[in-house]
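The structure under discussion appears below in the form of structure tokens.
Residue numbers (our numbering): 4 to 237.
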């Protein structure tokens, strides 16, 4: 949730109600990290926010791995959602995981991608936190990069490996927007293939931002504007 600080401030300043929940095991909930945390856990995290806060007509935004969570939440709480925003992420099909999503990949490319991602968790449990520069945070202003790096935490590998299970068509039936970050593109992620799928699909809105993967940090105003445009399109 911490990484949405700047976007949240902009939107709340315009009178919007904003929630930035943190997934179990991450950020200020990193004390709860354990190997059993999977995609299912994180989907439930967000579904419970919607239910306990009794939220309706929600614009739900998912960034990076969070796109997997968004699709799972849409499958379970479709009636509470107004619009889905996939920010530089992947769009899972039923039975796919973040690591196993192979849109437009050959089997060999997909297998190599799986091994590459598994290697990011050398202990077989947790994905090691990388520097913010890996996610497109520029070295200047230095205080922003330092702020990001202080907050990066390990991530449960199981959440990348666990397949999503749809019972209600996933994101189908909910208006949705894909925002691709292009400068620089996230390396080795497959995001481009998912972006092209959305761009060519008539049921998707498609936008691009000339910034790195962590756009909510590098371009918070542009993100806020695109989220509002998505909401207004529904």
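Ideal placement from N, C-alpha and C gives every residue a C-beta, glycine not left out.
Computed from a prediction, not measured in an experiment: that's the story for all the values here.
Taking only the alpha-carbon atoms, compute the straight-line gap between residue 112 and residue 183 and give it to the nearest angstrom.
Mapped onto the chain shown, residue 112 falls at position 109. Mapped onto the chain shown, residue 183 falls at position 180. It is roughly 22 angstroms from the alpha-carbon of residue 112 to the alpha-carbon of residue 183.
Please list the terminal residues of the continuous beta strand (DSSP E) segment that includes residue 67.
As a first step, residue 67 must be located in the chain shown, where it is residue number 64. 61-67 is the span of the beta strand (DSSP E), which, as asked, contains residue 67.
Quick check: residue 159 and residue 129, are their CB atoms within less than 8 angstroms of each other?
Position 156 of the chain shown, counted from the start, is the residue given in the question as residue 159. Position 126 of the chain shown, counted from the start, is the residue given in the question as residue 129. With respect to residue 129, residue 159 sits close: the two C-beta atoms are nearer than 8 angstroms.
Residue(s) in a DSSP beta bridge with residue 23:
Here residue 23 corresponds to residue number 20 of the chain shown, with the count starting at 1. Assignment of beta-bridge partners to residue 23 by DSSP yields no partner.
Counting pairs of Cβ atoms below 8 angstroms between the region 172-182 and the region 71-78, do you hit three or more?
In this structure the region 172-182 touches the region 71-78; the number of beta carbon pairs closer than 8 angstroms is three or more.
For the alpha helix (DSSP H) containing residue 10, list its first residue and its last residue.
Taking the chain shown and counting its residues from 1, one reaches residue 10 at position 7. Segment 8-16, the alpha helix (DSSP H) holding residue 10.
Quick test of your reading: residue 91 and residue 189, contact by CB under 8 angstroms. State the CB separation rounded to the nearest angstrom.
In the chain shown, counting from the first residue as 1, residue 91 sits at position 88. In the chain shown, counting from the first residue as 1, residue 189 sits at position 186. About 6 angstroms separates the beta carbons of residue 91 and residue 189, which is inside the 8 angstroms limit, making them a contact pair.
Residue 231 versus residue 85: straight-line alpha-carbon distance, rounded:
Residue numbering aside, residue 231 sits at position 228 when the chain shown is read from its first letter. Residue numbering aside, residue 85 sits at position 82 when the chain shown is read from its first letter. Cα to Cα, the separation comes out at about 12 angstroms.
Please report the Cβ distance between residue 193 and residue 116, rounded to the nearest whole angstrom; I am assuming they are in contact, meaning their Cβ atoms lie under 8 angstroms.
The count along the chain shown starts at 1 and reaches residue 193 at position 190. The count along the chain shown starts at 1 and reaches residue 116 at position 113. Their Cβ separation, rounded to whole angstroms, is 7 angstroms, which keeps residue 193 and residue 116 in contact under 8 angstroms.
Whose C-beta lies closer than 6 angstroms to the C-beta of residue 217 among residues of the same chain, with five residues either side of it excluded?
As a working mapping, residue 217 is identified with position 214 in the chain shown. Excluding sequence neighbours, residue 217 sits near 138, 139, 140.
Which same chain residues end up closer than 6 angstroms to residue 36 when comparing Cβ atoms and leaving out the 5 residues on each side of it in sequence?
Translated into the one-based positions of the chain shown, residue 36 becomes position 33. Taken in chain order, the residues that qualify are 28.
Rounded to whole angstroms, what is the Cα-Cα separation between residue 102 and residue 164?
Within the chain shown, the letter at position 99 stands for residue 102. Within the chain shown, the letter at position 161 stands for residue 164. Those two C-alpha atoms are separated by around 6 angstroms.
Below 8 angstroms on the Cβ atoms is my guess for residue 23 versus residue 32; work out the distance and round it to an integer in Å.
The count along the chain shown starts at 1 and reaches residue 23 at position 20. The count along the chain shown starts at 1 and reaches residue 32 at position 29. No, residue 23 and residue 32 are not in contact; Cβ-Cβ is about 12 angstroms, not under 8 angstroms.
Out of curiosity, what's the CA-to-CA distance linking residue 68 and residue 157?
Taking the chain shown and counting its residues from 1, the one referred to as residue 68 is at position 65. Taking the chain shown and counting its residues from 1, the one referred to as residue 157 is at position 154. Their Cα atoms are separated by approximately 13 angstroms.
Given residue 20 as reference, the closest of 205, 46, 61, 96 once Cα atoms are compared:
Within the chain shown, residue 20 is the residue found at index 17, counting from 1. Answer by Cα proximity: 61.
Residue 144 by DSSP, collapsed to three states: which one?
If you number the chain shown from 1, residue 144 lands on position 141. Coil, per DSSP.
Considering Cα atoms alone, identify which of 121, 148, 186, 154 is closest to residue 162.
Along the chain shown, one-based indexing puts residue 162 at 159. When each option's Cα is compared against that of residue 162, the closest is 121.
Where residue 223 sits in the DSSP three-state scheme:
As a first step, residue 223 is located in the chain shown; it is residue number 220 there, counting from the start. The answer is helix: DSSP assigns residue 223 an H, G or I state.
In its own chain, which residues sit with a C-beta less than 6 angstroms from the C-beta of residue 94, not counting the 5 before and 5 after it?
Here the question's residue 94 lines up with position 91 in the chain shown. If the five residues before and after residue 94 are omitted, its C-beta is found closer than 6 angstroms to the C-beta atoms of 197, all from its own chain and listed in chain order.
Cα-Cα, which of 53, 226, 70 is closest to residue 82?
Position 79 of the chain shown holds residue 82. Selected option, being the one with the closest Cα: 53.
Cut-off 6 angstroms between Cβ atoms - residues of its own chain near residue 5, not counting five sequence neighbours on either side:
The residue you call residue 5 lines up with position 2 of the chain shown. Contacts found: 30, 154.
Hey, could you find the ends of the alpha helix (DSSP H) residue 43 is sitting in?
Here residue 43 is taken as the residue at index 40 of the chain shown, counted from 1. Bounds of the alpha helix (DSSP H) holding residue 43 are 42-55.
Tell me whether residue 7 is buried or exposed, calling it buried when 16 or more other Cβ atoms sit within 10 Å of its Cβ.
Along the chain shown, read from residue 1 onward, the residue named residue 7 stands at position 4. Classification for residue 7: buried.
If the criterion is Cβ atoms closer than 8 angstroms, does the pair residue 220 and residue 9 meet it?
Here the question's residue 220 lines up with position 217 in the chain shown. Here the question's residue 9 lines up with position 6 in the chain shown. Yes, these two residues count as a Cβ contact at 8 angstroms.
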